[in-house]
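The opening residue of the sequence shown carries number 1 in my numbering; numbering runs sequentially from there.
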Amino acid sequence: MNQKIVDWAVYAASLAFCMVFTWYAGRDYNWDLFNYYLYAPHVYLNGQLGTEFMGASFQSYLNPLPYVPFYLMVKAGWHSLIIGLLLAAFHALNLFLLWPICKRMMNAAEGAPRSRYFLALLCLLLSVANTLFLVEVGSTYVDVSTSVFVLAGVLLLIMGTDEPARLMRYALAGGVLLGIGAGLKLTNAPFAVAACVFGFLPGMQWMRRFRFFVSLIVGGIAGGLLATGHWCWLLYREFGNPIFPFFNGVFRSPDFISVSHRHERFLPESLGDALTLPFRIIETYSWIYTELSAPEMRFAIFFGVGALLVLLVSLKKWWPALRERLDAVGFTASQMAFVAYIAVGWLIWMVMFSNGRYLMPLTLLIGVGCGAVLNRLLPQRLAMLTLVLLIGLQLVQFHYTGRTRFSVARPWNGAWFELEIPAKLKNEPHLSLSMGVQPDAFLVAFYHPDSRFVNIVGQYSLDLDASGGQRLRRLLEEYRGRTRVVFENEMVSGEISEKYQAMRNMQLNRFGLRLDETDCISFVHTGVPMDLPPGNVSGRPLTDAERSVKIVSCGVKPVSVDQAIERDRIHAAMTMDKVQQACPSRFTATSPVVFRDRHAWARFDLNTEIWLRVDREYIYAQFSGKPGYVIASRDAFERGEAGIDCLSLYKSWQGSSQ
């Protein structure tokens, strides 16, 4: 078999598949895209870090470099399909790198039997047959872009293990690539750390092992600095925290609460949860390890077969036939290290995140991992048959998820963003105060270049007297008379309804502002991810009208602070403080700011994603996007006659994720 012909055929097929699937899947339209995917590179490239503040909430300060190519293509006015195909071509590099990994793990070297190449091809197909990879191919998510660097680093470490004379240079280069992957997106850090397993190969001399770790660590630091060093320096210079606002419990920047943010949405609560996670993700439910339904059985196969192999190896000295079989197909050093890498990478990911999108490198490598353990346990033909069956089951599961994109798939018709910005907003510099959990910070990229954007009400709400208040005060002063507010879906028959006017004015009260109803502009944003309208219980596709939001931008005018509203807000804040003191483990990263949210005063915890709301009668809790529920009568709680069942609070939150 001509290896070069096979290789080029695989590469061509991989590129063609990614591009054709991208065309079929449609243009990706997702929540994060409207929040920070455009905002972050806009601020970075225009040197506005010191003149903007929290435009896309705390996500404003994630490394903007991975989003720069998409931003530049959008700003250049390229057709959405061209952008999508270029992204898909880059994402195909994951498969280019997987192929040599598959060949090495299946011993498909030059002159090997054709069955080895077939095994390698099945491993590649099983790697591709996963929902999380498919919904991100050709999309704006960068998990699938940054995984390219992780896979390249893993490939080099495997090559170094197979070629001991070159191990140190491969360790250095692999460390650089893994460092770049982690630097571009910190959620890749578990897979950089897991690379240490390649230094624990049996029989490696201690000095050689020491040199390996030095090479890997030096390379990792160099790669990390290359990918994020400049951005970290800018953050440190501006805020005193090189990874602002994260780990602010350590760096204590005055512009953010002094806590270390940790997303707890999918983290296992117990040892039992952790041990069963590879098997629980087989379920078709959403919110097990990712927001969408993405049933995944390959990790269960990998860990199940791996555990069985460990058991059999421990028994082989008492079972001659078993010893003969296992010794005949024993792992090479690189195979052993690769299998250990997947297991350790999974463990670190699970402890740190347990979020499926952040598992992207392993969702690609796990197909090869399954092939490695199955080929060790089973006769070759049976291993092949099992891999074919797994590929079929994975694809059937993907089909029945009923989606080709993580959020919304839109037709490839012109520009990526489906909206027309009013001339006033494009031509006149102004400060936009965004008032919503979805900040719509992407808008600033289409506004006047001297416009600024601040999310004052949302995931991390702001106040003049809270963390970051001085920056907000400075912006309000600079744009006095040129300040507007922006929010969604609150205009009826061309006017803002009275209930929304009252709510927005209560939110603005503490800033000494109110809406100027005579200066409101609205425009339609089509295709936005949102829930089904109340009348749609059939599961039918939504119309463009149902997939649209009306964005409203209104001027504001100065007023005196209404002291009655302010007293009510302060009273609600005191009640919430007592709830948080009663259940400190459920409220570990809560902004002290309280704002009006329709019928109640509200506050949000960044770690547990619990909304705490207080109206005149009750205290409510709500997990993001789920129905709220009463946790206590307000009067009874304030008088000390009713407590908070913190365990039930957690169980209700966790249960809503299932």
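Here a beta-carbon is modelled for each residue, glycine too, at the ideal position from N, C-alpha and C. A quick note: this is a predicted structure, and the numbers were derived from the prediction, not measured.
Exposure label - residue i; buried when at least 16 CB within 10 Å
| i | result |
| --- | --- |
| G539 | Residue placement at G539 is poorly supported in this model, since its pLDDT is 45, which falls under 50; the coordinates are not used for a value here. |
| V310 | exposed |
| Y285 | exposed |
| T276 | exposed |
| D531 | Confidence in D531 is poor, its pLDDT being 43 and thus under 50, which makes the residue's placement too unreliable to answer from. |
| M506 | buried |
| H185 | A small correction: the amino acid at residue 185 is Lys; His does not occupy that position in the sequence shown. Answer is buried; the Cβ neighbour count reaches 16. |
| L134 | buried |
| T518 | exposed |
| W349 | buried |
| E498 | exposed |
| N94 | buried |
| V137 | buried |
| Y660 | The displayed coordinates of the chain run from 1 to 658. Any statement about residue 660 would go beyond what the structure contains. |
Residue j beta carbon less than 8 Å from that of residue i
| i | j | result |
| --- | --- | --- |
| Q3 | Y36 | no |
| S139 | F353 | no |
| F338 | M105 | yes |
| V142 | Y67 | yes |
| G219 | G174 | yes |
| G181 | A192 | yes |
| H525 | L419 | yes |
| S633 | A621 | no |
| L216 | T161 | no |
| M168 | R209 | no |
| F442 | L155 | no |
| L132 | C102 | no |
| P278 | F256 | no |
| G77 | P411 | no |
| S270 | T401 | no |
| H261 | A602 | no |
When the options are compared against residue i, the one with the closest alpha-carbon
| i | options | result |
| --- | --- | --- |
| I456 | S432, Y39 and E136 | S432 |
| A301 | A582, A189, H399 and G371 | One point to set straight first is that residue 301 is Ile, not Ala, in the sequence displayed. Out of A582, A189, H399 and G371, G371 has the C-alpha closest to the C-alpha of I301. |
| V579 | D273, V549, F406 and I610 | I610 |
| V259 | E477, Y24 and S467 | S467 |
| E283 | M297, A564 and D273 | M297 |
| V197 | N355, T363 and L347 | L347 |
| F587 | F604, F523, M574 and E498 | F604 |
| E52 | F213, L476, G224 and F331 | L476 |
| D28 | L95, A415, P429 and D562 | A415 |
| W287 | G356, T363 and V351 | G356 |
| S147 | I644, A92, G367 and L125 | A92 |
| V437 | Q459, S585 and F453 | Q459 |
| F487 | F523, T22, Q470 and F299 | F523 |
| E566 | D7, V250 and N509 | N509 |
Pairwise C-alpha distance: residue j and residue i
| i | j | result |
| --- | --- | --- |
| S14 | F417 | 28 Å |
| A88 | V373 | 30 Å |
| D577 | P449 | 41 Å |
| I551 | L119 | 53 Å |
| I619 | G240 | 37 Å |
| A171 | S115 | 31 Å |
| L365 | L462 | 42 Å |
| A129 | R613 | 43 Å |
| Y236 | N248 | 12 Å |
| I221 | R280 | 36 Å |
| A409 | F70 | 17 Å |
| S553 | A582 | 40 Å |
| W99 | L121 | 8 Å |
| V485 | T575 | 29 Å |
| M54 | G481 | 21 Å |
| D440 | A56 | 8 Å |
| G535 | F623 | Annotation note: pLDDT 37 at G535 (below 50); position unreliable, no value reported. |
| G345 | L359 | 9 Å |
| M503 | A12 | 57 Å |
| P41 | V444 | 11 Å |
| I570 | C646 | 24 Å |
| P245 | P429 | 27 Å |
| A152 | S253 | 36 Å |
| V250 | V593 | 21 Å |
| P379 | L387 | 12 Å |
| S145 | H263 | 22 Å |
Q: Count the C-beta pairs between the stretch 55 to 63 and the stretch 218 to 235 that are closer than 8 Å, then say yes if the count reaches three, no if not.
A: Because the criterion of three Cβ pairs below 8 Å is met, the stretch 55 to 63 and the stretch 218 to 235 touch.
Q. Just checking, does the stretch 415 to 435 make contact with the stretch 40 to 47 on the three C-beta pairs under 8 Å criterion?
A. no
**Q.** Segment contact, 8 Å Cβ cut-off, at least three pairs: the stretch 502 to 516 with the stretch 551 to 559
**A.** yes
Q: Examine the Cβ distances between the stretch 102 to 116 and the stretch 20 to 38 and report whether three or more of them are shorter than 8 Å.
A: With contact defined as three or more Cβ pairs closer than 8 Å, the stretch 102 to 116 and the stretch 20 to 38 are not in contact.
Q: Inspect the CB distances between the stretch 629 to 645 and the stretch 594 to 603 and report whether three or more fall short of 8 Å.
A: no
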